[in-house]
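Have a look at the structure below before the remarks.
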Amino acid sequence: MHFQPTEDQEALRAGVRALLAGRYGREELRAAVDGGPVVDRALWRELGTAGFFALRLPESAGGVGLGLAEGVLVFEEAGRALLPGPLVATHLAAGVVPGAAEGTAVVTAGDLDGGLVAYLAEADAVLGAAGPGVPAGEPVRSVDPLTPLHRVAAPGEVAPYRTAGALLTAALQVGSALRTLELAVRHAGEREQFGQPIGAFQAVKHLCAGMLVRAEVARTAVYAAAVTEDAGEVAAAGLLADEAAVLGARDCLQVHGGMGFTWEADVHLHLKRAWVRARQWRTAEQAEELLAAELLAGAGPPGPGDAP
Amino acid sequence: MDLTYTEEEQDFRAALRAWLAKVLPALPPAPSPDDWPGRRAHDAGWQRRLYDAGYAGLHWPVDAGGRGATPTQHLIFLEETERAGAPYVGANFVGLLHAGPTIAAEGSAEQRARWLPPVLRGDEMWCQGFSEPGAGSDLASLRTRAVRDGDAYVVTGSKIWTSHAEVADWCELLVRTDPDAPRHRGISWLALPMDAPGVTVRPLRTLAGSAEFAEVFLDEVRVPLSHRVGAENDGWRVTMVTLSFERGTAFVGEVVACRRTLEGLARTARANGRWDDPVLRRRLGRLYGEFGALWRLTQWNVSAAERSGGVPGVGGSVFKLAYSHARQELYEAAAEVLGADSLVLDARWTPDRLSSLSYTIAAGTSQIQRNIVAERILGLPKGR
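Residue numbers (our numbering), protein chains in the order written: chain W, 209 to 516; chain G, 75 to 458.
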């Protein structure tokens, strides 16, 4: 059993991290927040060229021919960089919607409840939509400045994509959780109060340690689910990753103190994106019900060790 | 990343499974929790069967009498024995998982030959004399002192939370041999014979109502100098070797057991109608997912240790933090499943609910574990 990334997998991850660090650093992020284009079409094509969207498409169909294990590693990096855009939907559309694999098309999906669709105005197609093109929608103000939302009458059918979509979204959440942990640890080591770095105080240390524990458990769950592709493991990975990302961002905000509550600190962007992702593909309630059903099915008939 | 097992590992699993199927039905029933001599005999008997079958000290080095198994084989062993309902390591816990590995790593040839074979055969039991009334989480502040007198140390002080002290033959004892040295530097590791004159054991009743632990009083107990493992005043480093073993592997079998408990909770909830409560049902579903993830974290840590070829590291603190809290949540959910019946002291899962309260305290409190994670993994500054 070698449940660790191979050298090739580590190299792939490092490549995506380097690409995103060079093309989507803090300046690009803040420019998008300040009214720049949310989806950078040129970067989208670069990602396509690097194989980000065609990663799991068979080589015979022009893809890279890798699997979900590699998929979660590169999506973790995208989550860490807080890269906006319908990354998961376009990845799932590779081989289905023309141009998705190459990154020349931006494809979104009706993966949110209540008829909300993200990035509708930026998209060339909607995965699982009834007809071709992009349906009309009513714009609503989104909590996340980098996830514009529209309300659509018939957002399409995404059930066939739900499991993979939930897992890749969980990988984005893990990347975000690890990034907010980094931001918190860096701030705790630099910011001084009462004559010493605040990271020397147990109250702050324990917040950071809790962030790491949640992120590491979630990360392992995501990797394992990518290897087994088991429906229950995917559901559990989603639950743990959502929790790691949302609570991690909240704790990071707390570590930043008053500064964390400002628009200038990036942590609110991580938190708001984590809220959006937690509602995509599968909610916590749906994941828990799925796991409960699996538990009951596996539990079998009453046994001698049960309570009377 | 791969979760498949090699052919060799699969063969190992199959042979172990076949052996368990053969030996377990012939095993005498487990004695009651209060029957300490009975528990010792039971645990020793199981250890002897493991020894005769070649499974004793599976993960110990070959030159210490073990089988030198890989971490993955050890993981398979813990998983299969728990699945089959084999006895827990029990009273042999300290010898097999703490004192034994420490002596194997740090002891002289004579010490290894004297103490290791009886642990593997189940002939001698060990207990752990680390904590003191004034030195729990702050272990390095321990005060039990050992003064040289000829060829022996004269030891005076007291220890607390000493599991299995009533039936142990030996105690891995931490003592202060240099009161003037910086506090981590004046500590030594001794093997204390529990029948030595001056050793008094008093059972300690826990909130679970049972006498799982004891207090040990040491009144001018003579311990030969030859019973010191490692150099004088180097006991802290020796102890850290022990603790890394504890945190690395101690709870592996229990994760498997918790998943079985969840299945029992699901069956019970379906039978008594509480499964229809969506809040409880979803809570059990989430716990099922969490324990599945904890099992994967175990495999992750084991394969990381295998890759680095080393002793389990601080990753064990991450696991212990997540696990000890999840275990408490599990038994809170069990109480929800039972309803008012959970108030009956001998109800299924109520003793486990009580004992689960120790998990965030024993073997390093959650607060200490968070300090370890923050300082050693995240690199945050030491402080208050």
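Note that beta-carbon positions come from the ideal geometry of N, C-alpha and C, so glycine has one too.
At a CB-CB cut-off below 8 Å, which residues of chain G make contact with residue i?
i      : result
W:L448 : G363, E364, A367
W:D514 : G338, R341, T342, A345, R422
W:V393 : L452, G453, L454
W:E215 : Under the 8 Å cutoff, chain G gives no residues; its nearest Cβ is about 11 Å from W:E215.
W:A374 : In chain order: nothing, as chain G lies at least about 13 Å away.
W:E330 : Result: empty, since nearest Cβ-Cβ is about 33 Å, beyond 8 Å.
DSSP has residue i in a bridge; who is on the other side?
i      : result
G:A244 : Going by the sequence as given, residue 244 of chain G is Trp instead of Ala. Answer is G:W200, G:P267, bridged to G:W244.
W:F283 : In the DSSP output, where bridge partners are listed per residue, W:F283 has none listed.
G:D223 : G:A226
W:A505 : Looking at the DSSP assignment, W:A505 forms no beta bridge with any residue, so it has no partner.
G:V249 : G:S262
G:F291 : G:S232, G:T274
G:E206 : G:A209
G:L94  : DSSP lists no partner for G:L94.
W:T316 : W:V334
G:D308 : G:I261
G:P298 : G:A226
G:L354 : Answer by DSSP bridge pairing: none, since G:L354 is not bridged.
W:L324 : W:R359
G:V303 : G:W263
Run down chain G in chain order and give the residues with a C-beta less than 7 Å from the C-beta of residue i.
i      : result
W:K413 : R444, N445, A448, L454
W:T436 : L77
W:E285 : Correct list: empty, because the minimum Cβ distance to chain G is about 16 Å.
W:F261 : Neighbours of W:F261 on chain G: none; closest Cβ ~21 Å, over 7 Å.
W:T428 : A367, R370, L371, W374
W:Y431 : M75
W:V272 : Within chain G, no residue comes near W:V272; the closest Cβ sits about 17 Å away, beyond 7 Å.
W:A277 : M75
Is residue i close to the ligand GDP? I mean its beta-carbon at under 7 Å from any heavy atom of the ligand.
i      : result
W:G373 : The ligand GDP is not part of the structure shown, which contains no ligands of any sort.
Starting from the beta carbon of residue i, find every residue of chain W whose beta carbon is closer than 7 Å, and list them in chain order.
i      : result
G:I451 : L420
G:G457 : Q404, A408, F409
G:N381 : A small correction: the amino acid at residue 381 of chain G is Arg; Asn does not occupy that position in the sequence shown. Within 7 Å Cβ-Cβ: Q212.
G:A92  : None at all; the shortest Cβ gap to chain W is about 21 Å.
G:A378 : Q212
G:L358 : A500, L503
G:R355 : A500
Anything in chain G within Cβ reach of residue i, meaning under 9 Å, just list it in chain order.
i      : result
W:C416 : R444, V447, A448, L452, L454
W:Q488 : Residues of chain G passing the Cβ test: none, with the nearest at roughly 18 Å.
W:G511 : E337, G338, R341
Does residue i get closer than 8 Å to chain A when you measure Cβ to Cβ?
i      : result
G:L417 : Going by chain labels, chain A is absent from the structure shown, which instead holds the protein chains W and G.
Could you name the residues of chain W that residue i contacts, counting a contact when the two beta carbons are closer than 9 Å?
i      : result
G:E83  : M209
G:L124 : None at all; the shortest Cβ gap to chain W is about 23 Å.
Against residue i, what residues of chain W qualify as contacts under a CB-to-CB distance less than 8 Å, listed in chain order?
i      : result
G:L412 : A515
Cβ-based contacts, 8 Å cut-off: residues of the segment 212-243 of chain G near chain W:
From the segment 212-243 of chain G, no residue has a Cβ closer than 8 Å to chain W.
Uninterrupted alpha helix (DSSP H) stretches inside the segment 418-452 of chain G (no shorter than 4 residues):
424-429, 440-446
Which residues, in chain order, does the segment 378-390 of chain W contribute to contact with chain G at a C-beta distance below 7 Å?
none
In chain order, which continuous runs of the alpha helix (DSSP H) of length 4 or greater are located wholly inside the segment 322-350 of chain G?
326-346
Across the segment 446-465 of chain W and the segment 89-108 of chain G, are there enough close Cβ pairs to call them in contact, namely three or more that are closer than 8 Å?
The segment 446-465 of chain W makes no contact with the segment 89-108 of chain G; the number of CB pairs closer than 8 Å stays below 3.
For the segment 345-370 of chain W, which segments carrying the beta strand (DSSP E) assignment without a break, of at least 3 residues, lie completely within its bounds, in sequence order?
346-348, 357-359
contact_flag[the segment 324-335 of chain G, the segment 395-404 of chain G] where n(CB pairs < 8 Å) is 3 or more:
yes
Ranges of the beta strand (DSSP E) found wholly within the segment 366-415 of chain W, counting only runs of at least 3:
none
Is there contact between the segment 322-335 of chain W and the segment 299-310 of chain W, where contact requires at least three CB pairs shorter than 8 Å?
yes
Between the segment 398-411 of chain W and chain G, which residues of the former have CB atoms less than 9 Å from a CB of the latter, in chain order?
Q404, P405, G407, A408, F409, Q410
Under 8 Å: do the segment 165-183 of chain G and the segment 289-305 of chain G share three or more Cβ pairs, one atom per stretch?
The answer is yes - the segment 289-305 of chain G touches the segment 165-183 of chain G, with three or more Cβ pairs under 8 Å.
Quick check: the segment 208-220 of chain G against the segment 248-262 of chain G, are at least 3 beta-carbon pairs closer than 8 Å?
yes
Using a Cβ cut-off of 7 Å, which residues of the segment 146-157 of chain G contact any Cβ in chain W, in chain order?
T146
Is there contact between the segment 250-257 of chain W and the segment 344-355 of chain W, where contact requires at least three CB pairs shorter than 8 Å?
In this structure the segment 250-257 of chain W does not touch the segment 344-355 of chain W; the number of beta carbon pairs closer than 8 Å is below three.
For the segment 370-384 of chain W against the segment 478-494 of chain W, do three or more pairs of beta-carbon atoms, one drawn from each stretch, fall closer than 8 Å, so that the two count as touching?
yes
Counting Cβ pairs closer than 8 Å, one from the segment 398-406 of chain W and one from the segment 304-315 of chain W, do we hit at least three?
No, because fewer than three Cβ pairs between the segment 398-406 of chain W and the segment 304-315 of chain W fall closer than 8 Å, the two stretches do not touch.
Residues of the segment 392-404 of chain G with Cβ closer than 7 Å to any Cβ of chain W, in chain order:
Residues passing the 7 Å Cβ filter: V392, L395, A396.
Cβ contact check for the segment 407-427 of chain G and the segment 363-371 of chain W: 3 or more pairs under 8 Å
no
Determine, using beta-carbon pairs with one atom in the segment 495-512 of chain W and one in the segment 356-364 of chain G, whether at least three such pairs fall under 8 Å.
yes
If you pair each beta-carbon of the segment 283-299 of chain G with each one of the segment 228-242 of chain G, do three or more pairs fall below 8 Å?
Under the 8 Å Cβ criterion, the segment 283-299 of chain G counts as touching the segment 228-242 of chain G, having at least three qualifying pairs.
Three or more C-beta pairs below 8 Å linking the segment 444-451 of chain W and the segment 422-432 of chain W:
yes
Give the residues from the segment 333-355 of chain W that approach chain G closer than 8 Å (Cβ to any Cβ), ordered along the chain.
none
The segment 407-419 of chain W / the segment 473-485 of chain W touching (three or more Cβ pairs under 8 Å):
The segment 407-419 of chain W and the segment 473-485 of chain W do not touch, with fewer than 3 CB-CB distances between them shorter than 8 Å.
Contact between the segment 186-199 of chain G and the segment 120-127 of chain G (3+ Cβ pairs under 8 Å)
yes
Between the segment 493-509 of chain W and chain G, which residues of the former have CB atoms less than 8 Å from a CB of the latter, in chain order?
E493, A495, E496, E497, L498, L499, A500, A501, E502, L503, L504, G506, A507, G508, P509
In chain order, what are the residue ranges of uninterrupted alpha helix (DSSP H) at least 4 long that sit wholly in the segment 91-162 of chain G?
110-126, 145-157
Using a Cβ cut-off of 9 Å, which residues of the segment 218-244 of chain W contact any Cβ in chain G, in chain order?
none
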